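Numbering-wise (my numbering), the sequence shown opens with residue 394 and increments by one.
Each residue gets a CB set at the ideal place from its N, CA and C atoms; glycine is no exception.
Keep in mind it's a predicted model, so treat the numbers as computed, not measured.
Since the structure comes first, as structure tokens, the remarks are kept for the end.
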Amino acid sequence: MTVTTDRVPAKVNRELSVGPVRDDGYHDLVNVFHAVSLFDEVTATPAEQLHVSVDGPVTVPTGPDNLAARAALLLARHAGVRPAVALHIRKDIPVAGGMAGGSADAAAALVACDALWGSGADLETLLELAAQLGSDVPFALLGGMAVGLGRGERLTTVEVAGEFHWVFGYADGGLSTPAVYAECDRLRAVSSRALRWPRVSDDLMAALQTGDAVGLGQALDNALQPAALSLRPALKDALAAGRDLGALGSIVSGSGLMCVFLAASEPDAARLAASLAGTTLFAAVRQASGPVPGAALV
Ligand code: C5P
Numbered sequence: 394m395t396v397t398t399d400r401v402p403a404k405v406n407r408e409l410s411v412g413p414v415r416d417d418g419y420h421d422l423v424n425v426f427h428a429v430s431l432f433d434e435v436t437a438t439p440a441e442q443l444h445v446s447v448d449g450p451v452t453v454p455t456g457p458d459n460l461a462a463r464a465a466l467l468l469a470r471h472a473g474v475r476p477a478v479a480l481h482i483r484k485d486i487p488v489a490g491g492m493a494g495g496s497a498d499a500a501a502a503l504v505a506c507d508a509l510w511g512s513g514a515d516l517e518t519l520l521e522l523a524a525q526l527g528s529d530v531p532f533a534l535l536g537g538m539a540v541g542l543g544r545g546e547r548l549t550t551v552e553v554a555g556e557f558h559w560v561f562g563y564a565d566g567g568l569s570t571p572a573v574y575a576e577c578d579r580l581r582a583v584s585s586r587a588l589r590w591p592r593v594s595d596d597l598m599a600a601l602q603t604g605d606a607v608g609l610g611q612a613l614d615n616a617l618q619p620a621a622l623s624l625r626p627a628l629k630d631a632l633a634a635g636r637d638l639g640a641l642g643s644i645v646s647g648s649g650l651m652c653v654f655l656a657a658s659e660p661d662a663a664r665l666a667a668s669l670a671g672t673t674l675f676a677a678v679r680q681a682s683g684p685v686p687g688a689a690l691v
């Protein structure tokens, strides 16, 4: 019996620049994605019918809305095969944190089912299918570092010097992505500041290309952060606490809820993670480094 397993990383945003709302309800973005070493694993096994199960430290619903199930259905339709597969997700990426764990599972399911069914979809086809599933799914296929344009799905890979070390703190609950974008629009409507067209900052690119963690810490920027802080004011103290404990920079990941802290080195990240875990600010604290590759068969 053929079984294929695919491992896929979480993402954080190093810079997220958001334009005005479009006619289709989405916002044009410049989204600097970075894949980090927290992984989910998706195993695809032949079965009578599509079935999803989940285990691991984190759990998610397994019904038809599960993004991995939708990925399997989409690929089956594209390849003209029956979606006769059992998907087992070993879940380690925190949920509802702005780390695109659901998108990661969808990307992993595409790659695993493609291998299981021998459908032979090339990367371009997989990226197209991924974009139909969600704005962050194409990046989960590629991994590494990339700039995403449009909804975030039109990707250009970025070369990075060295490795960066991160600590993640996540609180209980979640923030709904559409609600955070709507709050961003609301705050902008009442602000007198002119809206800048989304762009990548030169300082961020320079820091990435020279492996300059101090420069990167100063250049981290997320246009959705004011909206996330407005909906969840406690995040402000959480971000400040990390900086007080020695982080080079702190940012909310994507539409939240995750707080992301940059450390100068792996030992510094371990110390920062231990200090943050000793506060009452977060339900859980994790440590990871990146960039790492995207969905890959193991
Ligand atoms: O594409 P995805 O399903 O991940 O997007 C979830 C929601 O986030 C969208 O329905 C939309 O409200 C918001 N969004 C947006 N602009 C983007 C990406 C997402 O407004 N570029």
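Is residue i a contact residue of the ligand C5P, with contact defined as CB to any heavy atom under 7 Å?
| i | result |
| --- | --- |
| Ser646 | no |
| Ser410 | no |
| His420 | yes |
| Arg544 | yes |
| Gly494 | no |
| Thr570 | yes |
| Gly491 | no |
| Asp605 | no |
| Gly527 | yes |
| Tyr574 | yes |
Would you grab the beta carbon distance between residue i and residue j for me? Rounded to a whole angstrom, and I think it's under 8 Å.
| i | j | result |
| --- | --- | --- |
| Ser512 | Leu468 | 7 Å |
| Lys404 | Asp565 | That pair is no contact at about 21 Å. |
| Leu628 | Gly649 | 7 Å |
| Ala539 | Val551 | 6 Å |
| Thr433 | Val396 | In the sequence on display, residue 433 carries Asp and not Thr. Between Val396 and Asp433 the Cβ distance is about 17 Å, and since that is not below 8 Å, they are no contact. |
| Leu655 | Gly610 | 5 Å |
| Ala681 | Val429 | 4 Å |
| Lys484 | Val453 | 7 Å |
| Leu509 | Ala437 | 5 Å |
Which residues in the same chain as residue i place their Cβ atom closer than 6 Å to its Cβ, once the five residues preceding and following it in sequence are excluded?
| i | result |
| --- | --- |
| Tyr419 | Arg544 |
| Arg636 | Ser643 |
| Leu674 | Ala631, Ala634 |
To the nearest angstrom, how far is it from the Cα of residue i to the Cα of residue j?
| i | j | result |
| --- | --- | --- |
| Asp605 | Ser594 | 15 Å |
| Gly659 | Trp559 | Just to set this straight, residue 659 is Glu in the shown sequence, not Gly. Their backbone Cα atoms lie some 8 Å apart in a straight line. |
| His481 | His471 | 22 Å |
| Asp630 | Pro619 | 13 Å |
| Ser569 | Ala514 | 32 Å |
| Gly491 | Ala440 | 32 Å |
| Arg407 | Val653 | 9 Å |
| Glu517 | Pro626 | 41 Å |
| Ala663 | Pro686 | 22 Å |
| Phe532 | Asp399 | 15 Å |
| Ala587 | Pro450 | 44 Å |
Using C-beta distances below 7 Å, list every residue in its chain close to residue i, excluding the 5 sequence neighbours before and after it, in chain order.
| i | result |
| --- | --- |
| Asp578 | Val414 |
| Ala465 | Leu443, Pro476, Val478, Leu480, Ala502, Cys506 |
| Ala600 | Gly608, Leu609, Ala612 |
Leaving aside the five residues before and after residue i along the sequence, list all residues of the same chain whose C-beta is less than 8 Å from its C-beta, in chain order.
| i | result |
| --- | --- |
| Thr672 | Ala634 |
| Ser446 | Thr455, Ala479, Leu480, His481, Ile482 |
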